[in-house]
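S.K.:
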Amino acid sequence: MKKEILYILCSAMLSGSLTSCDSWLGDTEPTDFLTSEQVWNDNSLIEGVLAELYNDVATNGNLDNDVNFSLIDDFMWCGLMNQDVESARNQMVEYSYNEFRYYDYKYIYKCNQAIESLATVSTKISDEEKALYTAEFRFLRAYAYFQMCIRMGGVPLITQTQEYTPGMDVTELQVPRSSEAEIYNFVYNECMDIEAGLAGNNNVTNKSRANQWAALALASRSMLYAGSIAKYNIPEINQPLQPGVVGMTGEDPRPYYEKSFAASKRIIDEFANNTLQGISSPSADNFYNAICSKDNNSEVLWTKDYNASKFHTFSFANIAHSMNEDNDNGSDLCPTLQLVETYGEIKDKDASGNYIVYEKRGDIFSSISDVRLKGTCLVPDQEFKGKTLDIQAGVAIYQGNGTYELREGADPNSKFEVADGGDGGTLVGNDGPLSRATYTNTGFNLRKYVDSTIGSSARGQGSYIWYVYFRMGEIYLNAAEAGMELGGTYAEQALKYVNLVRQRAGLGANSWTAADLTIDNLLNERRRELALEDHRLWDLKRLRKADKLWNGVQSTNTMLYALYPYRIVGGPDNNKFIFDRKIAPRFKAPRNFRIGNYYTAFEQDALDKNPKLVQNPNM
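Listed below in structure tokens is the structure:
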């Protein structure tokens, strides 16, 4: 009997001894399985295989697992106070060496098997279809290797299926780690080899299928990562037992930056024609729509899409309390004050340390011209879903001479009761903030990826907003960073690209000069533009800044901060507002990213099965 029955029957595990299908298939001819010939000669079945692999694309944060964003970005976990989640996110003493692990050779095996089967078994589909399918499987394989590489460093590079035959020497299936440079080069070469072949998907409205631009975007990102690791690696991040598997020490960064710039420029010139969606009319709504709206979208290149048969509950979990629809959840992830202040200065006190009084809660943000703030976050008094974000932490009882007694309450939508010496006005807003679950703990709520559609945050329904893997905002910033690193005429174009991103943000044309084009400024620009899109952690890692920024010592870099509004009671500014900045109440331990966290530890099981693997350093 032929054992290539059903493409998934015998997924292999690279890490060592692959299990033989014979051990459980036996000799009985199955009656309910499809043969390889059937699968690989039927378009709908091939696309079913593709759909499974697309669905399993690796990410660290996504709309189906929002909790991880509180570990990797400028967002705090304010959701249910499950102790495991609470300790892993808000009370974590240090990042685990197991964090961010992705080492999936079952996925690689499936891709390899598909590529080989299309070449040898598919005789009844057209050459054009076969070529497009093959390009998609190769793209998914390249993306998987990229995701493994940014987590693990160099990994075994396997591009053909490995099959175990009873009695064979299992060491033949054990493969040592390739260098980190070899993996990045493989990803790039695959992308460039298949990008033209993926053009067949360029006009497909469903952007969940990889197209030419997705391949070039992966080339752009992977080469930027490789270039920055080659340039900024530090001596502690090397593996002396197998030099080169991590760190890329000694690699020349310039060719990587050149390749990243070239791939980015091709997308800009050929896909977007030097435009960004919404640039002609900067606004918070247009920025939000460029990422979240599927209608006539010219920003997004590749996504994880959702539809009526597959929705997500991200809006249910992250909607502000006053805006929810028949649910008592919400506010899982809340933007931190640090993120909000990247968009512009917030003046809560004057130079003498005295509170600044504001007529309305939203006035403190009125001087911030970057529209991305309100396209990404909800701030006090901002409208969304036809309602106003009602954020008030308590009251500031006037004591004279510009001093106040701050008094908070335990319940939302509560009154400062006359019986308690109050004035009967609002004590705590309907949206908090409060130091308990399902209310913001930071004073802000999330807007990006939260659906404004009626019913999207209701029980038993959900949202169809897609999750973005690649979009034009990143491509412009990739080109800007690569161009800055290359210098000369490249830097001139880099300045043009970053200024277009900033122009879309409402900051005007040519807001940066050449002097502003630095790696730290570009890092912060990416922080603003790409918040909640699974970039922040990886940017800090590739630039070797994570251990310095998140160093385990309590500071404004390591603790997550909040901004709480208080209504003034009494005095000349009665019913106006002051703001108090503080460490978010539920956030207990400073972020502590250690040298060993730059590369995730291999599981001991993988090391045992494949003695040719070497563990990552500093574990």
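Numbering (my numbering), first residue to last: 174 to 792. Positions of the beta carbon are idealized from the N, C-alpha and C atoms, including for glycine.
Does the distance from the C-beta atom of Leu-510 to that of Leu-736 stay below 8 Å?
M.R.: Indexing the sequence shown from 1 puts residue 510 at position 337. Indexing the sequence shown from 1 puts residue 736 at position 563. It is a contact, given that the beta carbons lie within the stated cut-off.
S.K.: Quick one: using the 10 Å Cβ neighbour count with 16 as the cut-off for buried, is Glu-353 buried or exposed?
M.R.: Translated into positions along the sequence shown, residue 353 becomes position 180. So Glu-353 counts as buried.
S.K.: Should Arg-677 and Gly-517 be called a contact, given that it needs their Cβ atoms to be closer than 8 Å?
M.R.: In the sequence shown, counting from the first residue as 1, residue 677 sits at position 504. In the sequence shown, counting from the first residue as 1, residue 517 sits at position 344. No.
S.K.: Entirely within the segment 728-785 and at least 4 residues each: give me those alpha helix (DSSP H) ranges in chain order.
M.R.: You should have 777-782.
S.K.: Just mark Lys-483 as buried or exposed, buried being the case when its beta carbon has 16 or more other beta carbons within 10 Å.
M.R.: Counting from one through the sequence shown, the residue named residue 483 turns up at place 310. With fewer than 16 Cβ atoms within 10 Å of its Cβ, Lys-483 is classed as exposed.
S.K.: Could you say if the segment 300-316 and the segment 375-393 meet the contact criterion of at least three C-beta pairs nearer than 8 Å?
M.R.: Contact between the segment 300-316 and the segment 375-393 is present, because at least three Cβ pairs lie under 8 Å.
S.K.: Can you tell me which of Leu-223, Asp-468, Pro-339, Lys-297 puts its alpha carbon nearest to the alpha carbon of Ala-383?
M.R.: As a working mapping, residue 383 is identified with position 210 in the sequence shown. With distances taken between Cα atoms, Ala-383 lies closest to Leu-223.
S.K.: Among Asn-603, Tyr-430, Ile-219, Glu-443, which one has its Cα closest to the Cα of Asn-358?
M.R.: By 1-based counting over the sequence shown, the position of residue 358 is 185. The candidate whose alpha carbon is nearest that of Asn-358 is Tyr-430.
S.K.: Kindly indicate which three-state DSSP category Thr-599 falls into: helix, strand or coil?
M.R.: Numbered from its first residue, the sequence shown carries residue 599 at position 426. If DSSP states are grouped into helix, strand and coil, Thr-599 belongs with the strands.
S.K.: Can you find at least 3 beta carbon pairs, one from the segment 472-481 and one from the segment 554-569, that sit closer than 8 Å?
M.R.: Touching, no.
S.K.: Quick check: the Cα distance between Asn-375 and Ile-288, rounded to an integer number of angstroms?
M.R.: The sequence position of residue 375 within the sequence shown is 202, counting from 1. The sequence position of residue 288 within the sequence shown is 115, counting from 1. One C-alpha to the other measures close to 21 Å.
S.K.: With distances taken from CA atoms, which of Lys-533, Ile-440, Ala-631 is nearest Asn-500?
M.R.: Walking along the sequence shown from the start, residue 500 turns up at place 327. When only C-alpha atoms are compared, the closest one is Ala-631.
S.K.: State the CB to CB distance for the pair Arg-324 and Phe-242, rounded to an integer number of angstroms; the pair is presumed to be in contact (CB under 8 Å).
M.R.: Walking along the sequence shown from the start, residue 324 turns up at place 151. Walking along the sequence shown from the start, residue 242 turns up at place 69. Rounded, the Cβ-Cβ distance is 17 Å, inconsistent with contact.
S.K.: Within the continuous alpha helix (DSSP H) that includes Pro-428, where are the two ends?
M.R.: Counting from 1 along the sequence shown, the entry for residue 428 is found at position 255. Element bounds for Pro-428: 426-440.
S.K.: Which runs of the alpha helix (DSSP H), 4 residues or longer, sit entirely within the segment 610-694?
M.R.: Runs found: 645-659, 662-677.
S.K.: Where DSSP assigns a beta bridge to Gly-567, which residues make up the other side?
M.R.: For this step, residue 567 is matched to residue 394 along the sequence shown. In the DSSP output, where bridge partners are listed per residue, Gly-567 has Glu-581, Tyr-739.
S.K.: What residue does the beta strand (DSSP E) around Lys-714 start on, and which one ends it?
M.R.: To locate residue 714, count along the sequence shown from 1; it is residue 541. No beta strand (DSSP E) contains Lys-714, which is instead part of the alpha helix (DSSP H) from 709-715.
S.K.: Helix, strand or coil: how does DSSP classify Ser-495 here?
M.R.: The count along the sequence shown starts at 1 and reaches residue 495 at position 322. Here Ser-495 sits in helix by DSSP.
S.K.: Enumerate in chain order the residues of its own chain whose CB-to-CB distance from Gln-130 is below 6 Å, with the five nearest sequence positions on each side excluded.
M.R.: Nothing in the structure corresponds to residue 130, since the chain is present only between 174 and 792.
S.K.: Given Ser-260, which residues of its chain have a CB within under 7 Å of its CB, disregarding the five upstream and five downstream residues?
M.R.: Residue 260 sits at position 87 when you count from the first residue of the sequence shown. If we look at Ser-260 and ignore the five residues flanking it on each side, it has no Cβ neighbours.
S.K.: Tell me the residue span of the beta strand (DSSP E) that contains Thr-476.
M.R.: Position 303 of the sequence shown holds residue 476. 473-477 is the span of the beta strand (DSSP E), which, as asked, contains Thr-476.
S.K.: Among Ala-392, Gly-679, Ser-504, which has the Cα closest to the Cα of Thr-486?
M.R.: The count along the sequence shown starts at 1 and reaches residue 486 at position 313. The shortest C-alpha separation from Thr-486 is found at Ser-504.
S.K.: Using only the alpha-carbon positions, how far apart do Gly-656 and Lys-438 sit?
M.R.: Here residue 656 is taken as the residue at index 483 of the sequence shown, counted from 1. Here residue 438 is taken as the residue at index 265 of the sequence shown, counted from 1. Cα-Cα distance, rounded: 10 Å.
S.K.: Since Trp-723 and Asn-765 are thought to touch, with beta carbons under 8 Å apart, how far apart are those beta carbons, to the nearest angstrom?
M.R.: Within the sequence shown, residue 723 is the residue found at index 550, counting from 1. Within the sequence shown, residue 765 is the residue found at index 592, counting from 1. Right, the Cβ-Cβ distance comes to about 6 Å (below 8 Å), so this counts as a contact.
S.K.: Looking at the C-beta of Asn-469, does it have a partner C-beta in chain C at a distance below 8 Å?
M.R.: In the structure shown, chain C does not exist; there is a single protein chain.
S.K.: Measure from the alpha carbon of Tyr-571 to the alpha carbon of each residue in Leu-253, Lys-749, Thr-307, Leu-218, then state which is nearest.
M.R.: By one-based count along the sequence shown, residue 571 stands at place 398. Comparing Cα positions, the closest option is Lys-749.
S.K.: Do you know how far the Cα of Asn-214 is from the Cα of Lys-297?
M.R.: Your numbering for residue 297 matches position 124 in the sequence shown. Your numbering for residue 214 matches position 41 in the sequence shown. Approximately 5 Å, taken between the alpha carbons.
S.K.: For the segment 639-648 against the segment 773-783, do three or more pairs of beta-carbon atoms, one drawn from each stretch, fall closer than 8 Å, so that the two count as touching?
M.R.: No, the segment 639-648 does not touch the segment 773-783.
S.K.: Can you give me the start and stop residues for the alpha helix (DSSP H) that Phe-312 sits inside?
M.R.: Looking up residue 312 in the sequence shown gives position 139. Its alpha helix (DSSP H) spans residues 300-325.
S.K.: Measuring straight from C-alpha to C-alpha, what distance separates Arg-717 and Asn-586?
M.R.: For the purposes of this step, residue 717 is taken as the residue at position 544 of the sequence shown. For the purposes of this step, residue 586 is taken as the residue at position 413 of the sequence shown. Going from the Cα of Arg-717 to the Cα of Asn-586 covers about 45 Å.
S.K.: Assess, as a yes-or-no matter, whether the segment 599-613 is touched by the segment 489-496 under the definition of 3 or more beta carbon pairs within less than 8 Å.
M.R.: At 8 Å Cβ cutoff, the stretches touch.
S.K.: Could you give the DSSP three-state label for Phe-557: helix, strand or coil?
M.R.: By 1-based counting over the sequence shown, the position of residue 557 is 384. Strand.
S.K.: Kindly indicate which three-state DSSP category Phe-248 falls into: helix, strand or coil?
M.R.: Taking the sequence shown and counting its residues from 1, one reaches residue 248 at position 75. Note: Phe-248 maps to strand in three-state DSSP.
S.K.: Got a sec, what are the start and stop residues for the alpha helix (DSSP H) Leu-722 sits in?
M.R.: Numbered from 1 along the sequence shown, position 549 holds the residue referred to as residue 722. From DSSP, the alpha helix (DSSP H) with Leu-722 extends over 719-722.
S.K.: For Tyr-612, tell me which candidate among Asp-596, Lys-621, Ala-583 has the shortest Cα-Cα distance.
M.R.: Working through the sequence shown from its first residue, we reach residue 612 at position 439. Comparing Cα-Cα distances from Tyr-612 to each of Asp-596, Lys-621, Ala-583, the minimum goes to Ala-583.
S.K.: Candidates Gly-559, Gly-573, Leu-512: which alpha carbon is nearest Gly-528's?
M.R.: The count along the sequence shown starts at 1 and reaches residue 528 at position 355. Just to set this straight, residue 528 is Tyr in the shown sequence, not Gly. Checked all of Gly-559, Gly-573, Leu-512; the closest Cα to Tyr-528 is Gly-573.
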